[in-house]
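Working notes, structure below.
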Amino acid sequence: MAQSTVRDEPRDQTAASRPWQVAAEQLSNTASGLDWLTERRTAALVRADCLGLPDQSQEEWRYTSLTPFARRWLDHLAGARLPAVPEPVPPTLAGVFSVDIVDGRLCAPLLATPPGLTIQSLQNLGAEWRTRVEALLGSVVSPTDTSASDSLVDLNTALLTDVVLVTTEPGASVAMPIHIRLQATAASALCQTRLLVDLAAGSRLTLSLEFTGTAAVLVNAVSQMCLGRDSELNLVRVQALPDDGMLLESTSIEAKDSAAVTVTSVDLGGQLSRQSLTVRLAGTGASATVHGLFLADGQRHIDNRTRLQHEAPSTTSREFFRGIAADRGHGVFSGKIIVQPGAAGSNAALTNRNLLLTTTAEIDTKPELEIYVDDVRCSHGATTGQLDANALFYLQSRGLDLSTARQVLTAAFLRDSLTGIPLPELRERLEARLESRLQAQSGAAR
Amino acid sequence: MSTLLEVSGLRVAVGGKEILTGLDLVVRPGEVHAIMGPNGSGKSTLAHVLSGRDGYVVTGGSVSYQGLDLLAMAPEERARAGLFLGFQYPVEIPGVSNVYLLRSALNARRSARGESEIDAAGFLRLVKARARLMQMDESFLQRGVNEGFSGGEKKRNEIFQMAVLEPVLAILDETDSGLDIDALKIVSNGVNSLRDPARAFILVTHYQRLLDYIRPDFVHVLAGGRIIRTGDHTLALELEADGYEQILAAAST
Ligand SMILES: Nc1ncnc2c1ncn2[C@@H]1O[C@H](COP(=O)(O)OP(=O)(O)O)[C@@H](O)[C@H]1O
Ligand SMILES: [Mg+2]
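Chains as they are written, first to last, in the numbering used here: chain A, 2 to 447; chain B, 9 to 261.
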């Protein structure tokens, strides 16, 4: 790899940089016919090398340390290689169009996609899409958000094994929800998932992403979504990794004029999960609604960082984030609303409510407003507490025993966050899983 | 007639302060008792202690209910044994529907009596009939418990729940306060329609107004942490005319 020999020496020449480079070279060698990608990989690698892994001295990473995992990562990098195209997996939900991405690679073959929708991977990327994909791979998640330019996105670009591109045709209303299962099965490798979603003007799509995996997987996922004028995206994102799995996720969504995005994010698995979600309301009248829910029980560490950025006039954002922590779980929520000078007449509201089920659990929350224009309406607030004693007694006074009353109140707390999920079967499954985990909770608490 | 509830020499402290200082009360099936008294005299304290709320320390006396030691029972056990508390300040519980609460409450009582769960059709019939009695729109059923209800709607919902659960002893804590005259009539009508030789009521109230609609068998005046006077429904009228002061003064001499 010629470029790597002439690049500047990275500032921080730690042991971390070499394995990345070796891994990127291994991948470049195995992915033939994709020379243009090699350039992207190299550029990304140089940046990642300079930045190093995010650490807790950065405000954005204050509560989440990757140090315990660094060793595991480096070991995994040595095994980096292009996995074989995986076999399709039987669908788990009815009434949806199922797509599987296994260890970062799109499963083939895809049966007929619903009208108005195209799903491509590097294997079958149409020539007309090549420039677009190249541009997206070259851009950091959010050009105006310097804090988001941590090395995870670059690392993903340097080491990606595939790119999955989901596009709609102008004006198309894709009737069937698309359910993408992102599975990590290779415990010996660092799984890189790269997803690009491009909604043409006036189109509509319901998309759910479900992260699952086998034991001890490490996943670094990057998604970039672009919503054209007047388009609508209803996005559901579920993190359901095994208890020893780890997910680092960077998602950036850009909404053009009058585009509307609804996000429902649920974290219920993993040992460590860190999601960074940036929504840019870049066009006049664009709007975003974000519902979030996490359950940090056991030893789980779940960190959600959201950033809603109003860049154009009359943009609207609504965010409702809820967290539950129990046992020795640790939840983190940092949500920022930014209203930039050009965003007059905007309207933003953020609420974060957290529930601590045991005294050993911890939740750190940080809602923030940054406003650079007068003519806006913004509100934000966060609360963290226990179940309401008055409500508990009320239920008991009606004959429900204490542990049932606790379960009922906790389930009510979380159910509220799930009502927006447009896939009834998925919603019910999530409710059932969360409730059974809470049942285990209240059983253990006694 | 047998005794349903017997409170003897009950002393209760809250936050280190003795609020009830030796309260006696006997309630038999079929009776309606009104407990009146100035604000802060301990009426809600009595209602809460009887229903098992945390934070009250019983420092003396006893309470027997259906021959059982009531104070030894958990709040839910009391409810399953037919005790019902209508809250002075009903709690809003978003995310738990009224209908869910009622079904759970009813089934908890039934299973305590060794009965099977109520069937869906029977439950729906019962709930709809009671909603009609309380002139409540059926859409209330699917809403969160008291969620976004007005003060009057919350009180009406308490009586509606009582009507569905058909308790043996209902303690209604200031169910009349904050009601306009129409709502007061609906609530009173709900209570009256449940009057039964096997069922007793303790109406905690600050005003005589409610007793124009529900005629009590006994009126008790609670002051200084104990019942200082007991009479029939005319005592309420006397209180209304003369105020509490005269009775308090008479009792202290
Ligand atoms: N949690 C508490 N801690 C301390 N004092 C309390 C508490 N709850 C009630 N009290 C006091 O107990 C007294 C009786 O209150 P309450 O039973 O509510 O009266 P009522 O219902 O007759 O108006 C009042 O003086 C009140 O201030
Ligand atoms: Mg009171």
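Heads up, the beta-carbon is just placed ideally off N, CA and C, and yes, glycines get one too.
No experiment lies behind these values; they were computed from the predicted model shown.
Listed in chain order, which residues of the region 398–420 of chain A have Cβ atoms closer than 9 angstroms to some Cβ of chain B? Ser398, Arg399, Gly400, Leu401, Asp402, Leu403, Thr405, Ala406, Val409, Leu410, Ala412, Ala413, Phe414, Leu415, Arg416, Asp417
Are the C-beta atoms of Pro46 (chain B) and some chain A residue less than 8 angstroms apart? no
Quick check: does the Cβ of Asp184 (chain B) come within less than 7 angstroms of any heavy atom belonging to ligand 2? no
Under the rule that 16 or more other beta-carbon atoms within 10 Å means buried, what is Ser1 (chain A), buried or exposed? No answer is possible for residue 1 (chain A): it lies beyond the span of chain A, which begins at 2 and ends at 447.
With a threshold of 8 angstroms between beta carbons, is Asn391 (chain A) in contact with chain B? yes
Does the region 30–47 of chain B come close enough to the region 209–229 of chain B that 3 or more CB-CB pairs lie under 8 angstroms? yes
Candidates A:Gly284, A:Leu309, A:Val267, A:Ser380: closest to Gly332 (chain A) by CA position: A:Val267
Just the Cα atoms here: how many angstroms apart are Glu429 (chain A) and Asp181 (chain B)? 39 angstroms
The region 204–217 of chain B: positions lying closer than 8 angstroms to chain A by Cβ: none
Option nearest Gln124 (chain A) by Cα separation, candidates A:Ala327, A:Pro115, A:Leu83: A:Leu83
Buried versus exposed call for Ser201 (chain B) [16 or more other C-beta atoms within 10 Å across all chains shown]: exposed
With a threshold of 16 other CB atoms inside 10 Å of the CB of Val154 (chain A), please say whether the residue is buried or exposed. buried
For Ala350 (chain A), which residues does DSSP report across the bridge? A:Arg319, A:Ser380
Neighbour-count burial assignment, Asp375 (chain A), 16 or more Cβ in a 10 Å radius: exposed
Quick one: residues in its chain with C-beta nearer than 7 angstroms to the C-beta of Ala45 (chain A), no 5 flanking neighbours on either side, listed in chain order? Asp155, Thr158, Ala159
Among the candidates A:Ala136, A:Pro116, A:Ser335, whose CA atom is the shortest distance from the CA of Met177 (chain A)? A:Pro116
If contact means a Cβ-Cβ distance below 9 angstroms, which residues of the region 64–77 of chain B contact chain A? none
Proximal residues of chain A, C-beta to C-beta of Leu79 (chain B) below 8 angstroms: What Leu79 (chain B) touches in chain A: nothing, since even the nearest Cβ is about 15 angstroms away.
Are Asp104 (chain A) and Ala24 (chain A) closer than 8 angstroms when you measure CB to CB? no
What are the residues in the region 109–137 of chain B lying within 9 angstroms of chain A by C-beta distance? Leu109, Leu110, Ser112, Ala113, Leu114, Asn115, Ala116, Arg117, Ala120
According to the neighbour-count rule (16 or more other Cβ atoms, all chains shown, within 10 Å of its Cβ), is Leu450 (chain A) buried or exposed? Past the edges of chain A, shown from 2 to 447, lies residue 450 (chain A), and the structure says nothing about it.
Would you kindly report the start and end of the unbroken alpha helix (DSSP H) that includes Ile235 (chain B)? Unbroken run through Ile235 (chain B) is the beta strand (DSSP E), 234–239; no alpha helix (DSSP H).
Please compile the residues from chain A whose C-beta is within a distance smaller than 7 angstroms of the C-beta of Gly262 (chain B). For residue 262 (chain B) there is no data in the structure shown, the boundaries of chain B being 9 and 261.
One question on the structure: do Gln397 (chain A) and Glu84 (chain B) come within less than 8 angstroms of each other, judged by their Cβ atoms? yes
Using a 10 Å radius around the Cβ and a threshold of 16 neighbouring Cβ atoms, would you call Val220 (chain A) buried or exposed? buried
Does the beta carbon of Leu93 (chain B) sit closer than 8 angstroms to a beta carbon anywhere in chain A? yes
Where Asn348 (chain A) and Ser315 (chain A) are concerned, what is the direct C-alpha to C-alpha distance, given to the nearest angstrom? 7 angstroms
Does DSSP put Pro171 (chain A) in a helix, a strand or coil? coil
Could you work out which residues of chain B lie near Tyr395 (chain A), taking near to mean beta carbons separated by less than 8 angstroms? Phe95, Pro98, Val99, Ile101, Val153
For ligand 1, I want to know if Lys163 (chain B) counts as a neighbour, meaning its beta carbon is within less than 7 angstroms of at least one of the ligand's heavy atoms. no
Limits of the unbroken beta strand (DSSP E) element including Leu424 (chain A): Segment: none, Leu424 (chain A) is in no beta strand (DSSP E) and carries neither H nor E.
Roughly how many whole angstroms lie between the Cα atoms of Leu187 (chain B) and Glu369 (chain A)? 42 angstroms
Taking the C-alpha atoms as reference points, what is the distance between Thr307 (chain A) and Arg323 (chain A)? 13 angstroms
Against chain A, does Arg164 (chain B) count as a neighbour if the rule is that its beta carbon must be under 8 angstroms from one of theirs? no
Give me the residue from A:Leu118, A:Val165, A:Gly284 with the minimum Cα distance to Glu135 (chain A). A:Val165
In the region 191–229 of chain A, which residue ranges form an unbroken beta strand (DSSP E) of at least 3 residues, counting only runs that do not cross its ends? 191–200, 205–214, 219–228
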